[in-house]
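Enquirer: The sequence shown begins at 176 in the working numbering and counts up one residue at a time.
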Amino acid sequence: MIPAMRTQITPAEITDIHQVLADHHRYWGDRDLRSLHVLALVHEFGETCLVARAEDGIHGYLIGFVSPAGTGYVHLIATRDDARGTGLGRHLYAAFADAAHRQGALRLKAITSVSNTESIAFHRHLGFTVKIVDDYNGPGQARAVFHHVLPLYAAQP
Ligand SMILES: CC(C)(COP(=O)(O)OP(=O)(O)OC[C@H]1O[C@@H](n2cnc3c(N)ncnc32)[C@H](O)[C@@H]1OP(=O)(O)O)[C@@H](O)C(=O)NCCC(=O)NCCS
């Protein structure tokens with residue numbers, strides 16, 4: 176495990192996403208989510224697509240954007256297998272919340288598959304509410320839907 180302190184969170188470059196995709200299994204394991212890495216999102220929402228970079232590569236990243244209605248939507252977040260449990264996912268969310276707030280976001284939202292218990296636990300730790308929404312992604316495709324009113328850490332001591 177590596178300390179999150181050695182990473183720097185900055186807006187993502189397209190080349191960063193290529194790097195992540197080349198090492199996809201280190202962020203997502205056996206799940207193949209490569210098709211969800213839509214580069215247009217990084218081109219168009221550069222300020223809210225973030226990477227945590229260090230000397231030995233990208234420790235984590237977040238692809239997100241702010242909707243016209245003021246929702247900071249997180250499309251993807253992942254930390255590298257050797258960077259988990261160091262607080263990096265929390266740091267990425269905090270940086271995204273700041274960037275989204277600067278663009279007028281009032282709340283955050285994300286979704287995950289119902290079977291992704293790690294993501295559900297992670298979002299709960301960050302203070303998100305979790306709702307299982309039937310048919311969210313089409314017939315028979317429920318999703319766990321996360322909501323958090325900004326600011327992100329108001330409830331923490
Ligand atoms: C989910 C993920 C991004 C979490 O990143 P991380 O860097 O390990 O998270 P952090 O270390 O910042 O943890 C933040 C909090 O969540 C908790 N948490 C993180 N993962 C957890 C897990 N699997 N089970 C229980 N709690 C967890 C931590 O204990 C911590 O709580 P605390 O600050 O109150 O002590 C990471 O596990 C990951 O990349 N998973 C694979 C990709 C994925 O599924 N992404 C989510 C898709 S929506």
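Note that beta-carbon positions come from the ideal geometry of N, C-alpha and C, so glycine has one too. Bear in mind the structure is a predicted one, so any value in this text is a computation, not a measurement.
In the DSSP output, which residue or residues are listed as bridge partners for Phe240?
Expert: In the sequence shown, counting from the first residue as 1, residue 240 sits at position 65. Paired residue(s): Tyr248.
Enquirer: Taking only three categories from DSSP, how would you classify Ala179?
Expert: Indexing the sequence shown from 1 puts residue 179 at position 4. Because Ala179 carries a pLDDT of 48, less than 50, the predicted location of this residue cannot be relied on, and the following value inherits that uncertainty. Note: Ala179 maps to helix in three-state DSSP.
Enquirer: When you compare the CB positions of Val289 and Tyr268, do they come within less than 9 Å of one another, or not?
Expert: Here residue 289 is taken as the residue at index 114 of the sequence shown, counted from 1. Here residue 268 is taken as the residue at index 93 of the sequence shown, counted from 1. It is not a contact, given that the beta carbons lie outside the stated cut-off.
Enquirer: Could you compute how far the alpha carbon of Thr261 sits from the alpha carbon of Thr254?
Expert: Looking up residue 261 in the sequence shown gives position 86. Looking up residue 254 in the sequence shown gives position 79. C-alpha separation (whole angstroms): 10 Å.
Enquirer: Tell me whether Thr261 sits in a helix, a strand or coil according to DSSP, three-state version.
Expert: Taking the sequence shown and counting its residues from 1, the one referred to as residue 261 is at position 86. Residue state, collapsed to three classes: coil.
Enquirer: Just the Cα atoms here: how many angstroms apart are Asp257 and Glu188?
Expert: Position 82 of the sequence shown, counted from the start, is the residue given in the question as residue 257. Position 13 of the sequence shown, counted from the start, is the residue given in the question as residue 188. Cα to Cα, the separation comes out at about 22 Å.
Enquirer: Considering Cα atoms alone, identify which of His193, Cys224, Asp231 is closest to Leu251.
Expert: Taking the sequence shown and counting its residues from 1, one reaches residue 251 at position 76. Answer by Cα proximity: Cys224.
Enquirer: Pick helix, strand or coil for Arg228, following the three-state DSSP scheme.
Expert: Position 53 of the sequence shown, counting from 1, holds the residue named residue 228. Arg228: strand per DSSP, three-state reduction.
Enquirer: Indicate whether the contact test is met: 3 or more Cβ pairs, each with one atom in the stretch 210–220 and one in the stretch 230–240, closer than 8 Å.
Expert: Yes, the stretch 210–220 touches the stretch 230–240.
Enquirer: Sort out for me which residues DSSP pairs Gly235 with in a bridge.
Expert: Counting from 1 along the sequence shown, the entry for residue 235 is found at position 60. DSSP output for Gly235 lists Ala227, Thr254 as bridge partner(s).
Enquirer: If you compare alpha carbons, which of Ala227, Ala229, Gln194 is closest to His212?
Expert: Taking the first residue of the sequence shown as 1, we reach residue 212 at position 37. The option with the nearest alpha carbon to His212 is Gln194.
Enquirer: In the DSSP assignment, find the unbroken beta strand (DSSP E) run with Arg318 in it and report its ends.
Expert: The residue you call residue 318 lines up with position 143 of the sequence shown. Arg318 -> beta strand (DSSP E) spans 318–324.
Enquirer: If the criterion is Cβ atoms closer than 9 Å, does the pair Leu208 and Ala280 meet it?
Expert: To locate residue 208, count along the sequence shown from 1; it is residue 33. To locate residue 280, count along the sequence shown from 1; it is residue 105. For Leu208 and Ala280, no; Cβs fall outside 9 Å.
Enquirer: For a test of your reading of the model: does the CB of His322 fall under 8 Å from any non-hydrogen atom of ligand 1? Yes or no.
Expert: By one-based count along the sequence shown, residue 322 stands at place 147. Every heavy atom of ligand 1 is 8 Å or more from the Cβ of His322, so no.
Enquirer: Taking all protein chains shown into account, do 16 or more other C-beta atoms lie within 10 angstroms of the C-beta of Ala296, making it buried, or fewer, making it exposed?
Expert: As a position in the sequence shown, residue 296 is number 121, starting the count at 1. Counting Cβ neighbours within 10 Å, Ala296 comes out exposed, since fewer than 16 surround it.
Enquirer: Can you list, in chain order, the residues of its chain with a C-beta nearer than 8 Å to that of Ala227? Leave out the 5 residues immediately preceding and following it.
Expert: Counting from 1 along the sequence shown, the entry for residue 227 is found at position 52. Cβ within range, chain order: Ala179, Thr182, Gln183, Ile184, Ile233, His234, Gly235, Tyr236, Thr254, Ala258, Leu263, His266, Leu267.
Enquirer: What residues match up with Ala285 in a beta bridge as DSSP calls it?
Expert: In the sequence shown, the residue the question calls residue 285 occupies position 110. Val249, Phe321, per the DSSP bridge assignment.
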